[in-house]
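K.L.:
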Amino acid sequence: MSKVHILDHPLIQHKLTYIRDKRTGTKEFRELVDEVSTLMAYEITRGMPLKEVKVETPVAPATCHVISGKKVGVIPILRAGLGMVDGILKLIPAAKVGHIGLYRDPDTHEPVEYYAKLPSDIEERELIVTDPMLATGGSAAAAIHMLKEKGAHNVKLMCIIAAPEGIERVQKQHPDVEIFVAAVDEKLNEKCYIVPGLGDAGDRLFGTK
Ligand code: URA
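According to our numbering, the stretch in the sequence shown is residues 2 to 210, in order.
1) Quick check: the Cα distance between Ile123 and Met85, rounded to an integer number of angstroms?
2) Find the nearest neighbour of Ala96 within the set Asp106, Tyr19 and Leu128, judged by alpha-carbon distance.
3) Please report the straight-line C-alpha distance between Glu179 and Lys157, rounded to a whole angstrom.
4) Please go through the same chain and pick out, in chain order, the residues whose beta-carbon is closer than 6 Å to the beta-carbon of Leu119, but skip the five residues on each side of it.
5) Tell me whether Tyr104 counts as near the ligand URA, meaning its Cβ is closer than 7 Å to at least one heavy atom of that ligand.
6) Note down the Cα distance separating His175 from Leu135, rounded to an integer number of angstroms.
7) I need the straight-line Cα distance from Arg24 to Glu32, nearest angstrom please.
8) Check whether the Cβ of Tyr194 sits closer than 7 Å to any heavy atom of the ligand URA, and report yes or no.
9) For Leu51, which of Val67, Leu148 and Val5 has the nearest alpha-carbon?
10) Where does Tyr194 fall in DSSP's three states?
11) Going by alpha carbons, who is nearest to Ile161 out of Lys4, Gln172, Met2 and Ile13?
12) Give me the Cα-Cα distance between Val260 and Phe181, rounded to the nearest whole angstrom.
13) Skipping 5 residues on each side, what residues in its chain have a beta carbon closer than 7 Å to that of Met49?
14) Go through its chain and collect everything with a Cβ distance to Cys65's Cβ below 8 Å, but skip five positions before and after it.
15) Examine the ligand URA and report whether any of its heavy atoms sits within less than 7 Å of the Cβ of Ala117.
16) Please classify Asp132 as buried or exposed, where buried requires at least 16 neighbouring CB atoms within 10 angstroms.
17) Are the beta-carbon atoms belonging to Gly208 and Arg80 less than 8 Å from one another?
18) Who pairs with Thr131 in a beta bridge, going by DSSP?
19) Could you tell me how far apart the beta carbons of Leu44 and Leu8 are, in whole angstroms, since I believe they sit closer than 8 Å?
20) For Gly138, collect the residues of the same chain with a Cβ closer than 6 Å to its Cβ; drop the 5 residues on either side in sequence, then sort them by chain order.
21) How would you label Gly74, buried or exposed, when you count the other beta carbons within 10 angstroms and need 16 or more for buried?
22) From Ala144 to Leu199, what distance separates their C-alpha atoms?
Here's what the structure looks like:
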């Protein structure tokens, strides 16, 4: 069973409150999602391996550490996942970015891929799939499945708010994928919105309706 990390850092929880608030406008919403993504990236990279290096300080030789050769890929699920990318890149500027677009088939209700552009070496990379809202889990599970089919074997999922249903689906289909969230909410409503959630993350990020 994949592990769920609920990132309860006070700064993340504080900013999440304003993200949820319906009075928060597009500009501030975008900035807050960006900031929360940076803070979440700090937590998600906690386990990265280090290697020793020697440097000369102005005073003396020192044995220090740098991150050891783990290459990262950030994979936003279009469109709302885009809002989390820049915040992550602030901490991991050398990461490559791939994009996955999915739509829901009106008959089967299953996600169908309409766009995918990925780094050529995803099998060597630690991939962070981003989507602010893990609702039914259908899109996230399908995106991860597609990445694995193309050779990925090290995938983490980063969402801001999750519903229990979404977590369960990803855990069932991808027990190897660790899930990082700022909050797990109560449930989905009949329109598959997370309750209480924050509304439509894509619309709030991009100012659409
Ligand atoms: N996607 C959203 O943007 N919001 C939800 O509540 C669920 C899915």
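Beta carbons are placed, not taken as given, at the ideal position from N, Cα and C, and that holds for glycine.
P.N.:
Based on what the coordinates show:
1) As a first step, residue 123 is located in the sequence shown; it is residue number 122 there, counting from the start. As a first step, residue 85 is located in the sequence shown; it is residue number 84 there, counting from the start. Ile123 and Met85: Cα-Cα distance of roughly 19 Å.
2) By 1-based counting over the sequence shown, the position of residue 96 is 95. Closest option to Ala96, Cα to Cα, is Leu128.
3) As a first step, residue 179 is located in the sequence shown; it is residue number 178 there, counting from the start. As a first step, residue 157 is located in the sequence shown; it is residue number 156 there, counting from the start. If you draw a straight line from the Cα of Glu179 to the Cα of Lys157, it is about 5 Å long.
4) Your numbering for residue 119 matches position 118 in the sequence shown. Correct list, in chain order: Gly99.
5) Here residue 104 corresponds to residue number 103 of the sequence shown, with the count starting at 1. Tyr104: no, Cβ never under 7 Å from the ligand URA.
6) If you number the sequence shown from 1, residue 175 lands on position 174. If you number the sequence shown from 1, residue 135 lands on position 134. One alpha carbon belongs to His175, the other to Leu135, and they sit about 14 Å apart.
7) By 1-based counting over the sequence shown, the position of residue 24 is 23. By 1-based counting over the sequence shown, the position of residue 32 is 31. Near 14 Å, if we compare the C-alpha coordinates of Glu32 and Arg24.
8) Residue 194 sits at position 193 when you count from the first residue of the sequence shown. Yes - the ligand URA has a heavy atom lying nearer than 7 Å to the Cβ of Tyr194.
9) Here residue 51 refers to the residue found at position 50 when the sequence shown is read from its first residue. Restricting attention to Val67, Leu148 and Val5, the CA atom closest to the CA of Leu51 is found in Val67.
10) Numbered from 1 along the sequence shown, position 193 holds the residue referred to as residue 194. Tyr194 falls in the coil class under three-state DSSP.
11) In the sequence shown, the residue the question calls residue 161 occupies position 160. Among Lys4, Gln172, Met2 and Ile13, the Cα nearest to that of Ile161 is on Ile13.
12) Outside the shown range of the chain (2 to 210) lies residue 260, about which nothing can therefore be said.
13) The sequence position of residue 49 within the sequence shown is 48, counting from 1. Shown here for Met49: same chain residues with a beta carbon closer than 7 Å to its own, the five before and five after excluded, namely Ile68 and Lys71 in chain order.
14) Counting from one through the sequence shown, the residue named residue 65 turns up at place 64. Result list for Cys65: Glu53, Val54, Lys55 and Val56, in chain order.
15) Walking along the sequence shown from the start, residue 117 turns up at place 116. No, the beta carbon of Ala117 sits no closer than 7 Å to any heavy atom of the ligand URA.
16) The residue labelled residue 132 in the question sits at position 131 within the sequence shown. In the assembly as shown, Asp132 is a buried residue. Its beta-carbon has 16 or more other beta-carbons within 10 Å.
17) As a working note, residue 208 is residue 207 in the sequence shown. As a working note, residue 80 is residue 79 in the sequence shown. In this structure, Gly208 sits away from Arg80, with a CB-CB distance that is not shorter than 8 Å.
18) Taking the first residue of the sequence shown as position 1, residue 131 is located at position 130. Pro77 and Met159, per the DSSP bridge assignment.
19) In the sequence shown, counting from the first residue as 1, residue 44 sits at position 43. In the sequence shown, counting from the first residue as 1, residue 8 sits at position 7. The amino acid at residue 44 is misidentified as Leu; the sequence shows Glu. With a Cβ gap of about 5 Å, Glu44 and Leu8 count as contacting.
20) Looking up residue 138 in the sequence shown gives position 137. Excluding residues within five positions, the ones whose Cβ falls inside 6 Å are Gly167, Arg170 and Val171.
21) For this step, residue 74 is matched to residue 73 along the sequence shown. The residue is buried, with at least 16 neighbouring Cβ atoms inside 10 Å.
22) Stepping through the sequence shown from its first residue, residue 144 is reached at position 143. Stepping through the sequence shown from its first residue, residue 199 is reached at position 198. Each residue's alpha carbon lies about 22 Å from the other.
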